[in-house]
Amino acid sequence: MARINLRPWREERNERLQKRFIGNIVGAALLGGLVVLGISYYYDVQMERQNVRNSYLKAEIVKLDQKIKEIQELRAKRERLLERLQAIQQLQGNRPIIVRNFDELVRVLPDGIQYDSLIRRGEVITIEGMAEDNNDISGLMRRLDASIWFKEPNLRQVDKAGAEQRFNMNVGMTRPDAEEAK
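When you line the sequence shown up against our numbering, it's residues 4 to 185, in that order.
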């Protein structure tokens with residue numbers, strides 16, 4: 004005899020397909036969740052590494068800023084020391100010139116004149132003194148002008164003080180070449 008299957012096979016098949024479909028959806032959702040968690044973990048790790056790199060770079064930048072500051076302080080200190088050294092060298096270099104200038108002041112001094120005061124301010128010497136007459140003062144000015152160690156004598160004041168003349172003058176100092184100074 005022929006067998007007739009009266010079971011609802013279509014409904015069972017639809018139920019099986021629906022269970023498989025729901026299983027596939029749940030599996031895909033789980034797989035998608037795992038992928039999202041994996042990607043999130045990957046980016047968290049990458050961000051943590053970048054934060055570590057950034058922290059390292061910031062620390063190195065702070066160290067370099069400190070070194071730059073130290074270098075700037077050293078340069079400023081070096082400049083101050085160079086200025087002091089230059090001032091000392093200039094004073095040392097001027098020492099023989101000053102001696103030579105005062106020696107020359109004695110050499111150009113004519114008879115009949117005496118110096119009362121010699122004051123040096125920068126490159127100018129102020130001379131105060133007494134002379135027997137105006138000719139002696141003009142002779143001193145000519146001698147100062149002829150000297151290679153002095154320039155531009157300028158008579159500022161002459162007063163009669165009894166039989167003598169009191170005078171006040173300025174004269175500039177020069178630095179002749181080594182050959183001229185001989």
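Yeah, the Cβ is synthetic: ideal placement off N, Cα and C, and Gly gets one too.
Beta-carbon proximity check, Trp152 vs Pro179, cutoff 8 Å: Sequence index remark: in the sequence shown, residue 152 carries index 149 (1-based). Sequence index remark: in the sequence shown, residue 179 carries index 176 (1-based). In contact: Trp152 and Pro179 (Cβ atoms closer than 8 Å).
Range covered by the alpha helix (DSSP H) that runs through Ile116: To locate residue 116, count along the sequence shown from 1; it is residue 113. For Ile116, there is no enclosing alpha helix (DSSP H); the enclosing beta strand (DSSP E) has its first and last residue at Ile116 to Arg124.
As assigned by DSSP and simplified to three states, the class of Gly165: In the sequence shown, counting from the first residue as 1, residue 165 sits at position 162. If DSSP states are grouped into helix, strand and coil, Gly165 belongs with coil.
Secondary structure of Ile130, DSSP reduced to three states: Sequence index remark: in the sequence shown, residue 130 carries index 127 (1-based). If DSSP states are grouped into helix, strand and coil, Ile130 belongs with the strands.
Bounding residues of the alpha helix (DSSP H) (the contiguous stretch that carries Leu143): By 1-based counting over the sequence shown, the position of residue 143 is 140. It spans Asn137 to Ala149 - the alpha helix (DSSP H) in which Leu143 sits, taken as one unbroken run.
Classification of Ile71 by the beta-carbon crowding that lies within 10 angstroms, buried from 16 upward: What you label residue 71 is simply residue 68 of the sequence shown in a count that begins at 1. Classification for Ile71: exposed.
Distance, Lys66 Cα to Glu73 Cα: Against the sequence shown, residue 73 aligns to sequence position 70. Against the sequence shown, residue 66 aligns to sequence position 63. Cα to Cα, Glu73 sits roughly 11 Å from Lys66.
Asn57 classed as buried or exposed, judged by whether at least 16 other C-beta atoms fall within 10 angstroms: Walking along the sequence shown from the start, residue 57 turns up at place 54. Taking every protein chain shown into account, the CB of Asn57 has fewer than 16 other CB atoms within 10 angstroms, so this residue is exposed.
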